[in-house]
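To start, the structure itself, in structure tokens.
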Amino acid sequence: MLTGGPLDILTGDYLAELTMLILGRDRLKDPGRGYAKTFLRQLETGLGLAAERGVRIVTNAGGLNPAGLADAVRELAAKVGVPVRVAHVEGDDLLGRPGWPEGTLTANAYLGGGGIAECLRAGAEVVVTGRVTDAALVSGAAAAHFGWRPDDHDRLAGAVIAGHVLECGTQATGGNYSFFGALDVRRPGFPLAEIAADGSSVITKHPGTGGAVTPGTVTAQLLYETTGARYAGPDVTARLDTVRLTEDGPDRVRIDGVRGEAPPPTLKTGLTRLGGWRNEVTFVLTGLDVDLKAGLVREQMEAAFEAAGRRPAEVDWRLARTDHPDAASEEEASALLRLVVRDPEQEAVGRVISGAAVELALGSYPGFHVTAPPGKGAPYGVFEAAYVPAGEVPHTAVLPDGRRVAIEPPDSTQELVREADPPSATAGGTPMLPEPLHHDGATRRAPLGLVAGARSGDKGGAANVGVWARTDEAWAWLAHELTTERLRTLLPETADLPVERHVLPNLRALNFVIDGLLGAGVASQARFDPQAKALGEWLRARHLDIPEVLL
6 MLTGGPLDIL
16 TGDYLAELTM
26 LILGRDRLKD
36 PGRGYAKTFL
46 RQLETGLGLA
56 AERGVRIVTN
66 AGGLNPAGLA
76 DAVRELAAKV
86 GVPVRVAHVE
96 GDDLLGRPGW
106 PEGTLTANAY
116 LGGGGIAECL
126 RAGAEVVVTG
136 RVTDAALVSG
146 AAAAHFGWRP
156 DDHDRLAGAV
166 IAGHVLECGT
176 QATGGNYSFF
186 GALDVRRPGF
196 PLAEIAADGS
206 SVITKHPGTG
216 GAVTPGTVTA
226 QLLYETTGAR
236 YAGPDVTARL
246 DTVRLTEDGP
256 DRVRIDGVRG
266 EAPPPTLKTG
276 LTRLGGWRNE
286 VTFVLTGLDV
296 DLKAGLVREQ
306 MEAAFEAAGR
316 RPAEVDWRLA
326 RTDHPDAASE
336 EEASALLRLV
346 VRDPEQEAVG
356 RVISGAAVEL
366 ALGSYPGFHV
376 TAPPGKGAPY
386 GVFEAAYVPA
396 GEVPHTAVLP
406 DGRRVAIEPP
416 DSTQELVREA
426 DPPSATAGGT
436 PMLPEPLHHD
446 GATRRAPLGL
456 VAGARSGDKG
466 GAANVGVWAR
476 TDEAWAWLAH
486 ELTTERLRTL
496 LPETADLPVE
506 RHVLPNLRAL
516 NFVIDGLLGA
526 GVASQARFDP
536 QAKALGEWLR
546 ARHLDIPEVL
556 L
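The working numbering puts the first residue of the sequence shown at 6, with every later residue one more than the last.
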């Protein structure tokens, strides 16, 4: 990014929900750590280039210890002979606040961009933060550059949307894109945003880099890990249903029309803790009688639990029928039976699992083997969200000269409420649900992915699946066909879970939020795909009756 073309600000997002748990465990071992050490390694080769080109760096790599990372950056700058002004943002760490669940390892409020803006206005060339929203890295920088006020909601919302597009790097330039076959995505370039004073932006990338920036790639990232039409943040609530995307030349997509509203009165706070101990073993079932083989080993393992006098608190069996009849290779002739156990005590998931699985090797179903020897069990984490009044969080900018500036919470707030689904009509230019597709009635059984793209991800224990159409005709069909009931039919794992559908007509998109699909979050590894990364691609692979005119 530093050598490929002009930049004013280079941002770096290092903090996923799982990362906070990892950093929390690091901090237990060494209180001086708790930040992303990889950032320092990258900065060692990049700091001189950034200083030479006048590029300022804003990153949340400070994790649980932004002051510690700021000091480490100063030491690095002295070592490489590149003097820079370093500032940091703190106040997100609420671990000492009473009332958290027992065993809470980290508790961090998602701060906005106000502290970042204050540091940049004070002349900082490197700004290090702890837990801020991913988009705040961009919106804070834009607010500083243009002098936006806290009540410039539309401008801030536009920058938040740009930040959301950038936050996952190459996911906006063709990475993880449903229609990747039409693009060269072997090494996609990183995206950048050209932000204007009114909050509009153009998403593009440096010349000569791989991948592509198209309305489709930007739409996919806009839907990633979002919920409803209101995308709430600590500075502003951005209205996803007002986003307009237009092509602005090769590898250039303009984002405008974004409306903003006052933010909620509370800040989301991510809590992590160790949830207990987990173990798993995957039995390989080859050839004939797969169901009988699965039944035998399951019965034998359950008997081993009973003989040990203690059954793990959670026992989960999943049979994946990956086998094919008359297969040309042994692997294609095999199914996988996965056993996952969890318990508060390591002893309950250790020897009782590994011992029983190994002891069955010569006395169970024909062809018995496992994918890997089971171990002693490993700890797993739990993520949950809490909400704290914004005024009770000490958001603070620590400037390059050491001065501490308190960042006041927004003067106006607005409780977050779900936006009603749009009606089926068109009126006054307001985004509406399209009329159902009119066609001759001829349909063909085919995969949904022939006419729709998807992008899915995790939000704590919930998963989201954004689905969008590439043409107006496909949207007219998709908007009425893919209901919550149809989604539950296509994805049976969701059948008994709460599912919300949100309609985004400007993007020709539907966004589904499935609560509880991921258990206690990614660190608990509650399912085969613990972050729901491929949930959208599973949905696209399901068959339904699609109008011939769309195919």
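Note that the Cβ used here is the ideal one computed from N, Cα and C, for glycine as well.
- By the criterion of at least three beta-carbon pairs nearer than 8 angstroms, the region 180 to 190 is not in contact with the region 148 to 155.
- For the pair Leu509 and Leu245, the CB atoms are nearer than the 8 angstroms cut-off.
- At the C-beta level, Ala395 and Thr232 stay beyond 8 angstroms of one another.
- The C-beta of Gln47 has fewer than 16 other C-beta atoms within 10 Å across all chains shown, which makes the residue exposed.
- By the neighbour-count definition (other C-beta atoms within 10 Å, threshold 16), Lys34 is an exposed residue.
- Within the same chain, Cβ atoms closer than 8 angstroms to the Cβ of Asp416 are found at Pro155 and Asp156, the five residues on either side in sequence being excluded.
- For the pair Asn65 and Thr247, the CB atoms are not nearer than the 8 angstroms cut-off.
- A direct Cα-to-Cα measurement between Ala484 and Leu515 gives close to 7 angstroms.
- Judged by DSSP in its simplified three-state form, Trp153 adopts coil rather than helix or strand.
- Taking Ala129 as reference, the option from Ala114, Arg79, Asp261 and Val289 with the minimal CA-CA separation is Arg79.
- Rounded to the nearest whole angstrom, the CA to CA distance from His507 to Lys298 is 43 angstroms.
- Collapsing the DSSP output to three states places Trp105 in coil.
- Gly179 and Ala237 do not touch by the CB rule: their CB atoms are close to 29 angstroms apart, not below 8 angstroms.
- Between the region 17 to 31 and the region 97 to 117 there are three or more C-beta pairs closer than 8 angstroms, enough to call the two in contact.
- Where Glu505 is concerned, the enclosing beta strand (DSSP E) starts and stops at Val504 to Leu509.
- For the pair Pro378 and Val357, the Cα-to-Cα distance works out to about 13 angstroms.
- Judged by DSSP secondary structure, Ser359 falls within the alpha helix (DSSP H) whose first and last residues are Arg356 to Glu364.
- Contact between Gly215 and Arg191 is confirmed by a C-beta separation of about 6 angstroms, below the 8 angstroms threshold.
- Of all alpha-carbon atoms in Ser339, Glu307, Val320 and Glu335, the one lying nearest the alpha-carbon of Arg326 is that of Ser339.
- Per DSSP, Leu45 is one residue of the alpha helix (DSSP H) stretching across Lys42 to Arg58.
- Where Phe288 is concerned, the enclosing beta strand (DSSP E) starts and stops at Thr271 to Thr291.
- Following the DSSP letters along the chain, one finds Leu442 in no alpha helix (DSSP H), marked with neither H nor E.
- The residue among Ala531, Glu57, Val263 and Leu404 with its C-alpha nearest the C-alpha of Asp159 is Val263.
- Just measuring C-alpha positions, the residue of Thr242, Val165 and Glu311 sitting nearest Gly204 is Val165.
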